[in-house]
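Working notes, beginning with the structure itself.
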Amino acid sequence: MTFFERELRKIVQPIYPDAVFVGRACYVRLSEMNRAKLQFVTCGMADRYEAIQMTILNRNDGQVDALRLRFADLWGKGQTDNPYIRRSGPYAWTDNGQTDWYAYRPTAADYETLTNAVSSYLEVFQEQTAAQQWQQTM
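According to the working numbering, the sequence shown is numbered sequentially starting from 9.
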């Protein structure tokens with residue numbers, strides 16, 4: 009299992025246990041027509057993955073929407089164990105073919121925050137059942 013798959017599983021599986029993982033991406037079925045693709049992305053610097061890109065795909069219309077969640081926006085700068093880097097914005101990086109978190113390592117609370125943000129965004133594109141729609145009108 010690659011770094012990207014392992015980390016995406018921590019983020020996505022608590023809310024979408026039937027997600028499909030392919031390479032560096034994760035796919036989630038939101039409705040009959042809508043799927044979501046999630047992947048780690050760089051933000052201008054090669055091999056420095058600072059965000060999760062979420063793309064909503066419609067089977068007929070193609071890309072519907074996209075949102076980039078930057079780790080620093082959700083988690084801020086965190087304390088590190090490295091004496092040369094006391095505080096660091098969170099990102100994963102690839103060096104010599106190996107990918108891992110650089111300096112700052114996300115905590116369980118960080119993963120929960122990211123999972124909640126992902127869930128909030130993806131819920132916008134999920135079809136609601138008749139029972140869910142009825143409850144919202146009450």
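In this text, a Cβ means the ideal position worked out from N, Cα and C, and glycines have one as well.
Note that this is a predicted model, so its numbers are computed, not measured.
Counting only the same chain and skipping the five closest in sequence on each side, list residues whose C-beta sits under 6 Å from that of residue i.
| i | result |
| --- | --- |
| Asp73 | Ile64 |
| Gln61 | Gln47, Val49 and Arg76 |
| Ala54 | none |
| Arg67 | Met41 |
| Ala33 | Lys45 and Gln47 |
Have a look at residue i and residue j and give me their C-alpha separation to the nearest angstrom.
| i | j | result |
| --- | --- | --- |
| Leu16 | Phe79 | 13 Å |
| Ala125 | Tyr119 | 10 Å |
| Trp147 | Trp109 | This structure leaves residue 147 out entirely; the chain is present only between 9 and 146. |
| Val28 | Val36 | 7 Å |
| Met41 | Ala59 | 26 Å |
| Pro25 | Thr10 | 18 Å |
| Thr102 | Pro114 | 17 Å |
| Gln106 | Gln21 | 24 Å |
| Ser127 | Ile19 | 10 Å |
| Ala116 | Ile23 | 15 Å |
| Gln71 | Asn104 | 33 Å |
Identify whether residue i lies in helix, strand or coil by the three-state DSSP scheme.
| i | result |
| --- | --- |
| Ile23 | coil |
| Arg43 | strand |
| Asn66 | strand |
| Phe12 | helix |
| Glu120 | helix |
| Arg37 | strand |
| Leu133 | According to the sequence provided, residue 133 is Phe. The question's Leu does not apply to it. Looking at Phe133 - three-state DSSP - the assignment turns out to be coil, as it is neither helix nor strand. |
| Gln141 | Because the pLDDT of Gln141 is 46, which lies under 50, any placement of that residue in the model is unreliable, and the number read from its coordinates should be weighed accordingly. Looking at Gln141 - three-state DSSP - the assignment turns out to be helix. |
| Asp55 | coil |
| Ala80 | helix |
| Ala125 | helix |
For residue i and residue j, which I take to be in contact (beta-carbon distance under 8 Å), what is that distance rounded to the nearest angstrom?
| i | j | result |
| --- | --- | --- |
| Tyr99 | Arg43 | Actually they do not touch by this definition, with Cβ atoms about 27 Å apart. |
Within the same chain, show all residues whose beta-carbon is closer than 8 Å to that of residue i, passing over the 5 residues directly before and after it, in chain order.
| i | result |
| --- | --- |
| Leu38 | Ala44, Ile64, Leu130, Phe133, Gln134 and Glu135 |
| Thr121 | Leu82 and Trp83 |
Whose C-beta lies closer than 7 Å to the C-beta of residue i among residues of the same chain, with five residues either side of it excluded?
| i | result |
| --- | --- |
| Glu13 | Phe29 |
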